[in-house]
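Asks: Using the numbering used here, the letters of the sequence shown correspond one by one to residues 377 to 638.
C-beta atoms are modelled at their ideal positions from N, C-alpha and C, and glycine is treated no differently.
Being a predicted model, the structure only gives us computed values, none of them experimental.
Below is one structure. I have some questions about it.
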Amino acid sequence: MAVSLTIIAFITAYLIYTSLSVKTRHLERGYYVGGETILLPLPYVMSEMSVEESILNRKSIREWSSEAIGINQLSIILWCTYGVTEKIGDWYRRSVPSAGATYPLEIYVVIGERSVRVNETTYIDAGVYHYNPLTHSLNLVKRGDFRNDLYEAALKQEWVGKAPVSIVIFAVYERTTGRYGERGVRYVHLEAGHAGQNIYLCSTALGLGTVAIGAFHDSMVAEVVSAKAGEQPLYIFPIGVPAKPYSSSFDNVHRIIIENRR
Ligand SMILES: Cc1cc2nc3c(=O)[nH]c(=O)nc-3n(C[C@H](O)[C@H](O)[C@H](O)COP(=O)(O)O)c2cc1C
């Protein structure tokens with residue numbers, strides 16, 4: 377009896393120890409997978425591509441390989457989308473300009489099953505997540521693979537259903553129209569464009585691809601991510617590894633320009 381109690385106590389202690397040490401290890405490396413909040417790896421310079429090359433090679437990608445993307449790649453793309461860059465008094469500058477620094481955008485991420493790799497054997501749980509720029513973390517909204525629902529909402533555009541990850545940009549117009557009236561609507565749309573271009577350029581620099589999606593049913597997209605009242609969907613950006621790598625060259629660009637000068 378005493379021997380079996382000792383064995384049970386030993387096994388329990390071992391299980392608690394291993395689960396704690398796994399969590400600690402993940403936290404030390406900047407993230408914790410499997411909980412309600414994922415602390416993303418801290419952002420750093422990941423690519424060697426210049427801004428000019430990224431603009432040169434940017435194009436809309438609609439065919440993906442079956443590969444997952446890496447958590448470091450998702451981390452830096454989200455930071456480029458709407459991450460913090462500087463603290464100024466009681467506000468934080470972001471990766472995009474914002475009329476009156478009102479920051480009306482909210483960023484959701486739809487992640488598929490085995491779509492975002494943490495290491496060789498671990499993936500982020502499939503689900504809908506909300507991005508918190510201040511802590512550079514993802515908060516779980518709901519678990520499950522909702523890519524097919526997003527595909528249905530986006531008028532059955534295949535590239536939405538098949539991409540491992542989609543970033544969905546929402547706006548809370550009131551934050552900007554509260555200060556600028558009707559003109560604030562224009563400002564919100566311009567800001568979403570800035571964020572969207574950052575997604576394109578960052579994805580391109582990492583060897584990933586994306587496409588701006590504006591054609592969808594607003595209410596269905598809001599339902600897919602369980603958006604809060606007042607949040608309106610503006611853009612979907614499916615992201616994945618391009619099926620066919622693409623690159624252009626400045627020789628091409630020069631040829632076009634010189635031809636048009638004739
Ligand atoms: C506001 C906006 C909405 C768009 N909506 C869609 C869309 O719903 N589906 C799609 O496949 N592409 C969409 N696109 C991508 C355009 O088709 C694409 O940018 C255009 O054909 C030029 O190609 P490029 O991006 O490769 O240069 C959209 C682009 C913008 C700017």
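1) So what's Ser624 in DSSP terms, helix, strand or just coil?
2) Report yes if the C-beta of Gly585 is less than 7 Å from at least one heavy atom of ligand 1; otherwise report no.
3) Give a single yes or no on whether Ala529 has its beta carbon closer than 7 Å to a heavy atom of ligand 1.
4) Taking only three categories from DSSP, how would you classify Gln533?
5) Find the nearest neighbour of Leu454 within the set Pro417, Arg490, Tyr556 and Ser441, judged by alpha-carbon distance.
6) Which residue or residues does DSSP assign as beta-bridge partners of Gln608?
7) Whole angstroms is fine: what's the gap from Ser625's alpha carbon to Asn433's?
8) Quick check on Ile633: buried or exposed, where buried means 16 or more other Cβ atoms within 10 Å of its Cβ?
9) DSSP on Ile437, reduced to helix/strand/coil?
10) Between the beta-carbon of Gly590 and the beta-carbon of Tyr563, is there less than 8 Å?
11) Can you name the start and end residues of the alpha helix (DSSP H) that Arg562 belongs to?
12) Between Val517 and Tyr527, which are expected to be in contact by the criterion C-beta below 8 Å, what is the C-beta distance as a whole number of angstroms?
13) Run through DSSP, which three-state label would His593 get?
14) Give the single residue among Val536, Asn515, Ser441 and Ala477 whose Cα lies nearest to the Cα of Thr414.
15) When you compare only the Cα positions, how much space is there between Ala539 and Asp466?
16) According to DSSP, simplified to helix, strand and coil, what is Glu489?
17) Does the segment 477–491 come close enough to the segment 573–591 that 3 or more CB-CB pairs lie under 8 Å?
18) Strictly by DSSP, which residues pair up with Glu639?
19) Contact between the segment 554–562 and the segment 598–607 is defined here as three or more beta-carbon pairs at a separation below 8 Å; is this criterion met?
Replies: A quick look at the data gives this:
1) coil
2) no
3) no
4) Three-state result, Gln533: coil.
5) Minimum Cα distance to Leu454 is reached at Pro417.
6) Ala547
7) 8 Å
8) exposed
9) coil
10) no
11) Following the DSSP letters along the chain, one finds Arg562 inside the alpha helix (DSSP H) bounded by residues Arg559 to Ala581.
12) About 18 Å separates the two Cβ atoms, so there is no contact after all.
13) In the structure shown, His593 falls within a coil segment according to DSSP collapsed to helix, strand and coil.
14) Checking the displayed sequence, the identity of residue 414 turns out to be Ile instead of Thr. Of the residues Val536, Asn515, Ser441 and Ala477, the one whose Cα lies closest to the Cα of Ile414 is Asn515.
15) 38 Å
16) coil
17) The segment 573–591 is not in contact with the segment 477–491.
18) Residue 639 falls outside the range modelled here, since the chain spans only 377 to 638, and no answer is possible.
19) Short answer: they don't touch.
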